[in-house]
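Participant: Just so we're aligned: the sequence shown equals residues 808 to 1202 in our numbering. Built from N, CA and C at the ideal position, the CB exists for glycine as well. Everything numeric in this text was worked out from a predicted model, so none of it was measured. Starting off with a structure, shown below.
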Amino acid sequence: MSEAINHPLNRKLRMALVGGAGAAFIGRVHATAAQLDSRAELVAGALSSNPEKSRAAAPSFGIAEDRAYGSISELIDAELALPADQRIDFVSIATPNFTHFGIAKASLEAGFNVLCDKPMTTNVPDADELVRIVRETGAVFALTHNYTGYPMIRQAREMIANGELGEIQAVRSNYIQGWMCGLKPDPNPPRGAWKTDPAKAGSGSLGDVGTHAYNLICYVTGLTATEVSANMRIYQPGGKLDDYGQATIAFGERQLGTITFSQISHGRLNDLTLEVDGTKASLLWRQEQPNELIVRKTGEATQIYERHPAAAYINDSCRAACRIAGGHPEGFFEAFANIYNAAFDDMVIRATGGTRAEANLYPNVLDGAKGVRFVEACQASNDERGGWKPLKERD
Ligand SMILES: NC(=O)c1ccc[n+]([C@@H]2O[C@H](COP(=O)([O-])OP(=O)(O)OC[C@H]3O[C@@H](n4cnc5c(N)ncnc54)[C@H](O)[C@@H]3O)[C@@H](O)[C@H]2O)c1
C-alpha cells in the first residue's frame, strides 16, 4: 500500500471551519481532530456569527488573513472563485444547532463535503432536505456522533455483529451530566447562550446528549428503532427546555432499549454508558473509562477487555481505530479523529472518481435524520405523558 497522504489523491484535504471563535467548545476539537493524522489542513474559516470576531480568531487557528471570512456566504463565494487546486474540499460545522441546516445546505450545494455536529438540524423537514441534497450532490456528509469512533465501541460493534453476545435482547444507554447544578442565570455567558433558547437549540438535554446515546445504541447493535415513549422534565428554575428525561425504545416486538439523559445530576461530568444484554453475554462500556470494555457471562469471572491492539482478543475494527499501544490512554480527540478519518477515505474516493461503499463507518446524513426524528418523536410522546410514537425510517 502507498505511503502517500490520501492515496491516490496524494495531497492533504483542505478544510474550512465554521464556528469556533472565542470561548467556543467544539470548534477547536474539530480543528484538532481533523488534523491529527496529517490528512487535512485547516486553510479557511468563518469562525463566528460576528464578522470582526470571525476574522480576529483566524490566526489562533493558523488560518491566513486572506482566507479568514466574515460569514459562510462570504467563505463559499471566495472559495468558489479560487482555482480548484487551492479551494477547500470540506466544511466542518461547529455552530449552534439552528444554524447547521443553512450552513450545510449552502456548503453541499457549492460542491463541498460536510462534517456537521449534532443534532443535524432542529426539525425533520430540514433533515430530510439535507438527505435529498446529499443524495443529489454525491457529497460526503458525516455527523460527529464522535463516541462511535472509540476503539472499544468498534470492538463491541464487531463482537455483536459476529454473534458473540448471541441474540440481542435489551440495551441501555445513559448520558448523565451535572453542569446545570447551581448554574446562575447569566444573560451573557462566554459561550453556549443559545443552548437554553428553544428556537436556537430545538431541544435541551434530549438533543444535546440524548441523541448521542440513541445514536450509539443504533450504531453498536445495528438494531432499528420502531417506537418510543418518553418523559422529560425541566428542573432548572426558569428553564425553557428539558434538562432531564428518559425514553423507552422498542426495536420491533422483541428488543427493548432505555435512555436516560440528564444535565442536573450533581457531580456527573460526561458519564455516557452503554450496556447491551445478549442471550450469550452482556457488555458494558463507559466513556469516562473508554479504553475498557466489560464482558460478562453467567457463571464466569467478569472480563475486562483492554484497548491493546497487539492482543489476540482485539478484533480488526478495534485495531483499525487505535493509534498507539495499549496502556497509553486514547480518548476524546482520537475518537473524534476516527470519524474524520473514515469521512476522509470517502472524500478521497469522491475526489478521484472511485466507487464508495454503501455502508459508512461514520454516522452519515441518514443517521442525522434519524436523530432528529428521535427528538421530535420524544417531544410528541412527552406531550402525551409518554404515549408511544412511531419512529418512522426515512425511505
Ligand atoms: N460532538 C460533541 O461531542 C459535541 C460537544 C459539544 C457541542 N456539540 C455541538 O456542536 C455545536 C456547537 O456547540 P459548542 O458547544 O461549541 O457551542 P459554543 O456556543 O461554545 O460555540 C459556538 C460557536 O459558533 C459560532 N457561531 C455562531 N453562529 C455562527 C455562524 N452563523 N457562523 C459562524 N460561526 C457561528 C460562535 O461564535 C461560537 O464560536 C452544537 O451543535 C452542539 O450541539 C457537539
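Does the Cβ of Asn969 have 16 or more other Cβ atoms within 10 Å, making it buried, or fewer, making it exposed?
Facilitator: exposed
Participant: Would Phe832 count as contacting chain D if we go by Cβ distances under 8 angstroms?
Facilitator: Any reference to chain D falls outside this structure, which holds one protein chain only.
Participant: Mind checking whether Val1035 and Lys1196 have CB atoms under 8 angstroms apart?
Facilitator: Lys1196 is positioned such that its CB atom lies closer than 8 angstroms to that of Val1035.
Participant: Among Met927, Thr1109, Gly1134, whose alpha-carbon lies nearest the alpha-carbon of Ala1117?
Facilitator: It is Gly1134 whose Cα lies nearest to the Cα of Ala1117.
Participant: Using a Cβ-Cβ cutoff of less than 6 angstroms, which residues in the same chain neighbour Ala1181 once the five nearest sequence positions on both sides are dropped?
Facilitator: The residue asked about is misnamed: residue 1181 is Phe in this sequence, not Ala. Answer for Phe1181: Tyr1021, listed in chain order.
Participant: With a threshold of 8 angstroms, are at least 3 pairs of Cβ atoms found where one atom belongs to the region 885-905 and the other to the region 813-826?
Facilitator: When Cβ pairs closer than 8 angstroms are counted between the two stretches, the region 885-905 is seen to touch the region 813-826, the count reaching three or more.
Participant: Rounding to the nearest angstrom, what Cα-Cα distance links Gly952 and Leu1168 in this structure?
Facilitator: For the record, residue 952 in the displayed sequence is His; it is not Gly. Spanning the two alpha carbons is a distance of roughly 11 angstroms.
Participant: I want to know whether the region 899-917 touches the region 1007-1022 - three or more CB-CB distances under 8 angstroms.
Facilitator: yes
Participant: Return the residue from the list Ala831, Val978, Ala841, Ala830 that minimises the CA-CA distance to Ala1149.
Facilitator: Relative to the Cα of Ala1149, the nearest Cα in the group Ala831, Val978, Ala841, Ala830 belongs to Ala841.
Participant: May I have the straight-line CA-CA distance separating Val1047 from Arg1130, to the nearest angstrom?
Facilitator: Looking at the sequence shown, residue 1047 is not Val but Lys. In a straight line, the C-alpha of Lys1047 is about 42 angstroms away from that of Arg1130.
Participant: Could you check if Gly1017 belongs to the surroundings of ligand 1, using beta carbon to heavy atom distance under 7 angstroms?
Facilitator: no
Participant: Could you round the C-beta distance between Tyr1112 and Met987 to whole angstroms and report it? I think they count as a contact, below 8 angstroms.
Facilitator: Between Tyr1112 and Met987 the beta-carbon gap is near 34 angstroms, outside 8 angstroms, which marks them as no contact.
Participant: At a cut-off of 7 angstroms, would you count Lys925 as near ligand 3, judging by its Cβ distance to the nearest heavy atom?
Facilitator: Of the ligands this structure carries, namely ligand 1, none is ligand 3.
Participant: Measuring only the C-alpha atoms, how far is Cys1125 from Asp1078?
Facilitator: 22 angstroms
Participant: For the 8 angstroms Cβ check, are there 3 or more pairs between the region 1138-1153 and the region 843-858?
Facilitator: yes
Participant: Using C-beta distances below 7 angstroms, list every residue in its chain close to Leu1198, excluding the 5 sequence neighbours before and after it, in chain order.
Facilitator: Ala1032, Thr1033, Glu1034, Val1035, Arg1180, Phe1181, Ala1184
Participant: Please report how far the alpha carbon of Asp1202 lies from the alpha carbon of Tyr957, in whole angstroms.
Facilitator: The predicted position of Asp1202 is uncertain, since its pLDDT is 49 and thus under 50; no value can be drawn from it.
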